[in-house]
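Have a look at the structure below before the remarks.
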Amino acid sequence: MSLTPRITFISPGSSHRRVVVLFADNKLALGPQADTLKTGKLIARAAKAADFKGKIRTILNILAPDIAGVERLIVIGLGPPADLTRDDWRRLGGVVLATIDGGPDATVFLERLGGKVADGATEFCLGMVLRAYRFDKYKHQGTDEADNSERAPKKKSISAVAVAIDGAAKVRRAWASRAAAGEGVYLARDLVNEPANLLGPVEFSARLKSLESDGVAIEILGEKELSRLKMGALLGVAQGASRPPRVVIMRWKGGRTTAKPLVLVGKGVVFDTGGISIKPSAGMEDMKGDMGGAAAVAGAMSALAKRKAKANVVGIVGLVENMPDANAQRPGDIVTSMAGKTVEVINTDAEGRLVLADLLHYAQKHLKPKAMVDLATLTGAIIVALGHHHAGLFANDDALADAIIDAGEATGEKIWRMPLAKSYDKMLDSRFADMKNIGGRDAGAITAAQFLKRFVENVPWAHLDIAGTAMASPPSDINKSWGSGFGVRLLDQLVADQYGG
Ligand code: BES
Ligand code: MN
Ligand code: ZN
Numbered sequence: 005m006s007l008t009p010r011i012t013f014i015s016p017g018s019s020h021r022r023v024v025v026l027f028a029d030n031k032l033a034l035g036p037q038a039d040t041l042k043t044g045k046l047i048a049r050a051a052k053a054a055d056f057k058g059k060i061r062t063i064l065n066i067l068a069p070d071i072a073g074v075e076r077l078i079v080i081g082l083g084p085p086a087d088l089t090r091d092d093w094r095r096l097g098g099v100v101l102a103t104i105d106g107g108p109d110a111t112v113f114l115e116r117l118g119g120k121v122a123d124g125a126t127e128f129c130l131g132m133v134l135r136a137y138r139f140d141k142y143k144h145q146g147t148d149e150a151d152n153s154e155r156a157p158k159k160k161s162i163s164a165v166a167v168a169i170d171g172a173a174k175v176r177r178a179w180a181s182r183a184a185a186g187e188g189v190y191l192a193r194d195l196v197n198e199p200a201n202l203l204g205p206v207e208f209s210a211r212l213k214s215l216e217s218d219g220v221a222i223e224i225l226g227e228k229e230l231s232r233l234k235m236g237a238l239l240g241v242a243q244g245a246s247r248p249p250r251v252v253i254m255r256w257k258g259g260r261t262t263a264k265p266l267v268l269v270g271k272g273v274v275f276d277t278g279g280i281s282i283k284p285s286a287g288m289e290d291m292k293g294d295m296g297g298a299a300a301v302a303g304a305m306s307a308l309a310k311r312k313a314k315a316n317v318v319g320i321v322g323l324v325e326n327m328p329d330a331n332a333q334r335p336g337d338i339v340t341s342m343a344g345k346t347v348e349v350i351n352t353d354a355e356g357r358l359v360l361a362d363l364l365h366y367a368q369k370h371l372k373p374k375a376m377v378d379l380a381t382l383t384g385a386i387i388v389a390l391g392h393h394h395a396g397l398f399a400n401d402d403a404l405a406d407a408i409i410d411a412g413e414a415t416g417e418k419i420w421r422m423p424l425a426k427s428y429d430k431m432l433d434s435r436f437a438d439m440k441n442i443g444g445r446d447a448g449a450i451t452a453a454q455f456l457k458r459f460v461e462n463v464p465w466a467h468l469d470i471a472g473t474a475m476a477s478p479p480s481d482i483n484k485s486w487g488s489g490f491g492v493r494l495l496d497q498l499v500a501d502q503y504g505g
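Note that my numbering gives residue 289 to position 285 of the sequence shown, counting from 1, and the numbers run on in steps of one.
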């Protein structure tokens with residue numbers, strides 16, 4: 005789906021639409037652009053009646069104001085006069101979209117952005133499109149509780165927003181590049197929200213093929229190639245499913261030809277039943293989102309290509325379905341990974357690490373990574389530890405870890421670093437093989453990360469456990485979707501900050 009609403013940029017003083025949005029601080033002071041509307045005492049009177057105090061993100065809705073050509077005037081609070089952060093502007097974008105959505109096209113008088121005008125303005129627009137995202141292609145009826153009759157039409161989205169701003173041309177150019185991040189998030193959300201019957205490994209890889217039109221080179225490995233590569237850990241997970249696995253490699257070359265790439269690795273379990281170690285049925289439907297890591301990597305690759313990032317980045321995703329059937333792997337089975345290390349599969353529900361082990365090895369052997377970052381909905385344990393507000397970070401390199409934490413702060417995709425240590429690693433020792441695939445009940449997110457670390461050689465590496473943040477995370481100002489697209493903006497920011505732009 006392409007971004008919605010359509011955003012245009014116009015100069016202050018151009019004609020405006022019937023719905024006008026403007027901003028006021030906690031003294032109800034407006035910017036110079038809003039002042040040209042000559043609202044007189046109107047806002048002060050309406051504010052008093054509605055007890056509006058201009059607190060940040062609060063809304064004053066004025067219908068039929070006595071202003072020529074304005075049917076609805078919406079005043080959004082900015083709080084005390086101060087330079088607002090990118091996070092503030094993004095959330096304000098979400099709040100504004102929510103108030104004008106479903107209505108006629110609107111004009112936003114965007115001002116009081118402080119020092120970094122283009123930054124604040126594009127973040128505001130990003131907030132609008134992220135909030136506007138909907139996944140309703142399988143719904144025939146309205147989503148309103150108030151009007152849930154079979155024949156009610158779907159709720160209409162606002163189709164266009166004009167942003168009136170000083171330096172419109174410059175902001176328009178900046179948005180063209182920032183919108184790429186929005187499209188990447190849309191792609192990731194679409195993939196996570198899609199049900200597994202309609203998005204198996206083959207369908208997923210077909211969607212990734214479409215990134216070619218933006219200049220991403222796509223290589224798809226099928227079962228034969230995966231066997232030839234000896235990806236025994238990944239294939240062990242896939243063998244219980246009738247739908248065959250795929251590994252997709254996505255290459256973006258925007259940097260110097262000689263520069264080693266950042267490699268992004270994604271867990272793409274299109275559905276995780278647990279396999280023979282089957283999961284309880286309550287809530288199992290959420291496991292259609294167990295490909296959130298792969299979706300984030302795909303979204304990031306799309307964003308990088310669409311904004312023509314000056315960096316070399318390779319994405320690799322392992323697409324498999326974890327099913328129990330007569331051919332499924334059993335607890336106690338021993339598989340040989342591509343790295344040659346043997347793994348005793350104690351629990352077939354700890355499948356993501358088996359998939360990632362082979363991808364990490366492949367990346368080091370074939371992609372010459374400068375650094376590797378993997379993303380995976382890897383453990384329920386990370387949700388116990390951090391809930392839904394931070395993703396867990398594990399890393400063998402402090403500089404890489406710090407860069408990821410910084411990118412998380414800048415994008416609002418929050419990260420919390422967790423420990424790695426030999427004592428946790430020991431919990432994976434096996435009686436029969438080089439290692440077991442689980443470490444026991446305690447510290448489940450950490451032992452999962454230690455498992456991955458056994459497949460990392462001398463490369464800076466970070467692992468993000470996004471089980472709590474990629475799906476079913478609490479709704480926010482900029483996200484009402486079940487699949488959040490978590491990680492796309494973070495990775496895009498990381499590349500911009502650390503890998504050449
Ligand atoms: N995909 C799950 C982790 C998960 C749980 C993601 C809840 C999102 C929400 C993963 O494959 C899994 O099943 N992990 C097990 C590991 C255990 C068997 C050691 C878990 O977390 O229970
Ligand atoms: Mn599992
Ligand atoms: Zn899983």
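Yeah, the Cβ is synthetic: ideal placement off N, Cα and C, and Gly gets one too.
Simplified DSSP state of Leu468, which is helix, strand or coil: Looking up residue 468 in the sequence shown gives position 464. Here Leu468 sits in strand by DSSP.
Alpha-carbon spacing of Gly81 relative to Leu203, whole angstroms: Taking the first residue of the sequence shown as 1, we reach residue 81 at position 77. Taking the first residue of the sequence shown as 1, we reach residue 203 at position 199. For Gly81 and Leu203, the distance between alpha carbons rounds to 42 Å.
When the Cβ atoms of the stretch 334-351 are set against those of the stretch 189-209, are three or more pairs found closer than 8 Å? no
C-beta atoms of Ala122 and Val189 nearer than 7 Å: As a first step, residue 122 is located in the sequence shown; it is residue number 118 there, counting from the start. As a first step, residue 189 is located in the sequence shown; it is residue number 185 there, counting from the start. Cβ distance not < 7 Å, so Ala122 and Val189 don't count as in contact.
In angstroms with no decimal places, state the Cα-to-Cα distance between Gly344 and Ser217. Within the sequence shown, numbered from 1, the residue matching residue 344 stands at position 340. Within the sequence shown, numbered from 1, the residue matching residue 217 stands at position 213. For Gly344 and Ser217, the distance between alpha carbons rounds to 37 Å.
Residue burial classification, Arg445 (beta-carbon count within 10 angstroms, cutoff 16): Stepping through the sequence shown from its first residue, residue 445 is reached at position 441. Exposed.
Is Ile104 close to the ligand BES? I mean its beta-carbon at under 6 Å from any heavy atom of the ligand. Position 100 of the sequence shown, counting from 1, holds the residue named residue 104. Checking every heavy atom of the ligand BES against the Cβ of Ile104, none is found closer than 6 Å.
Just to confirm my understanding: we take Gly504, look at its own chain, exclude 5 residues before and 5 after, and list those with CB closer than 6 Å. What are they? Numbered from 1 along the sequence shown, position 500 holds the residue referred to as residue 504. The residues are Gly259, Lys314, Ala315.
Taking the alpha-carbon positions, what's the Ala196 to Ala411 distance? Position 192 of the sequence shown, counted from the first residue, corresponds to residue 196. Position 407 of the sequence shown, counted from the first residue, corresponds to residue 411. A small fix is needed here, since residue 196 is Val in this sequence, not Ala. C-alpha separation (whole angstroms): 22 Å.
Supposed contact pair Arg255 and Ile224 - C-beta distance, whole angstroms, cut 8 Å: Residue mapping note: residue 224 aligns to position 220 of the sequence shown, counting from 1. Residue mapping note: residue 255 aligns to position 251 of the sequence shown, counting from 1. With 8 Å as the limit, Ile224 and Arg255 do not qualify as a contact, their Cβ atoms being about 12 Å apart.
What is the DSSP secondary structure of Ser480, counted as helix, strand or coil? Within the sequence shown, the letter at position 476 stands for residue 480. Reduced to three states, the DSSP call for Ser480 is strand.
Kindly confirm or deny that the stretch 352-368 and the stretch 389-400 touch, where touching means at least three C-beta pairs closer than 8 Å. no
Within the continuous beta strand (DSSP E) that includes Leu257, where are the two ends? Walking along the sequence shown from the start, residue 257 turns up at place 253. Looking at the sequence itself, residue 257 is Lys, so the reference to Leu does not match. It spans 250-257 - the beta strand (DSSP E) in which Lys257 sits, taken as one unbroken run.
State the beta-bridge partners of Asp429 as determined by DSSP. Against the sequence shown, residue 429 aligns to sequence position 425. DSSP output for Asp429 lists no bridge partner at all.
Contiguous beta strand (DSSP E) assignments of at least 3 residues, all confined to the stretch 188-228: 221-225
With a cut-off of 8 Å on the beta carbons, I'd call Glu413 and Phe490 a contact; round off their distance for me. As a working note, residue 413 is residue 409 in the sequence shown. As a working note, residue 490 is residue 486 in the sequence shown. With a Cβ gap of about 15 Å, Glu413 and Phe490 do not count as contacting.
Flag Gly296 as yes when its Cβ comes closer than 6 Å to any non-hydrogen atom of the ligand ZN, and as no otherwise. Counting from one through the sequence shown, the residue named residue 296 turns up at place 292. Gly296 Cβ: outside cutoff for every heavy atom of the ligand ZN.
Hey, how far is the Cα of Trp486 from the Cα of Lys42? The residue labelled residue 486 in the question sits at position 482 within the sequence shown. The residue labelled residue 42 in the question sits at position 38 within the sequence shown. Roughly 43 Å between the two C-alpha positions.
Coil, strand or helix - Arg445 by DSSP: The count along the sequence shown starts at 1 and reaches residue 445 at position 441. Reduced to three states, the DSSP call for Arg445 is coil.
Compare the C-alpha of Val321 against each of Val273, Ala309, Asn483, Gly131 and name the closest. Sequence index remark: in the sequence shown, residue 321 carries index 317 (1-based). Among Val273, Ala309, Asn483, Gly131, the Cα nearest to that of Val321 belongs to Val273.
Distance cut-off 6 Å: Asp290 Cβ against heavy atoms of the ligand ZN: As a working note, residue 290 is residue 286 in the sequence shown. Not under cutoff, so the answer is no.
Exposed or buried, what is Phe56 when buried is set at 16 or more other beta-carbons lying within 10 Å of its beta-carbon? Taking the first residue of the sequence shown as 1, we reach residue 56 at position 52. Answer is buried; the Cβ neighbour count reaches 16.
Where do the ends of the beta strand (DSSP E) carrying Gly303 lie? Numbered from 1 along the sequence shown, position 299 holds the residue referred to as residue 303. Careful: Gly303 lies outside any beta strand (DSSP E), inside the alpha helix (DSSP H) at 296-310.
Going by other Cβ atoms of all chains shown within 10 Å of its Cβ, with 16 needed for buried, is Lys372 buried or exposed? On the sequence shown, residue 372 is found 368 positions in, with the first residue counted as 1. Exposed: under 16 other Cβ atoms inside 10 Å.
Taking 7 Å as the limit between beta carbons, can you name the residues of its chain near Lys312, skipping five residues before and five after? Residue mapping note: residue 312 aligns to position 308 of the sequence shown, counting from 1. Excluding positions up to five away in sequence, the list reads Gly258.
With a Cβ-Cβ cutoff of 7 Å, do Val492 and Ala300 count as a contact? In the sequence shown, counting from the first residue as 1, residue 492 sits at position 488. In the sequence shown, counting from the first residue as 1, residue 300 sits at position 296. It is a contact, given that the beta carbons lie within the stated cut-off.
Determine, using beta-carbon pairs with one atom in the stretch 372-385 and one in the stretch 347-360, whether at least three such pairs fall under 8 Å. yes
Can you list the residues near the ligand BES, meaning Cβ strictly closer than 5 Å to any non-hydrogen atom, in the order they appear in the chain? Asp276, Asp294, Asn351, Asp353, Ala354, Gly356, Thr381, Thr383, Gly384, Ile442, Ala471
Contacts around Gln497, its chain only, beta-carbon distance under 6 Å, and the 5 residues preceding and following it disregarded: The residue labelled residue 497 in the question sits at position 493 within the sequence shown. These residues qualify, in order along the chain: Ala411, Ala414, Thr415.
Run the proximity test for Met273: is its beta-carbon closer than 6 Å to any non-hydrogen atom belonging to the ligand ZN? On the sequence shown, position 269 is the one that residue 273 refers to. Contrary to the premise, residue 273 reads as Val rather than Met in this sequence. Under cutoff, so the answer is yes.
How about Val79 and Leu96: are their beta carbons less than 7 Å apart? Position 75 of the sequence shown, counted from the first residue, corresponds to residue 79. Position 92 of the sequence shown, counted from the first residue, corresponds to residue 96. For Val79 and Leu96, no; Cβs fall outside 7 Å.
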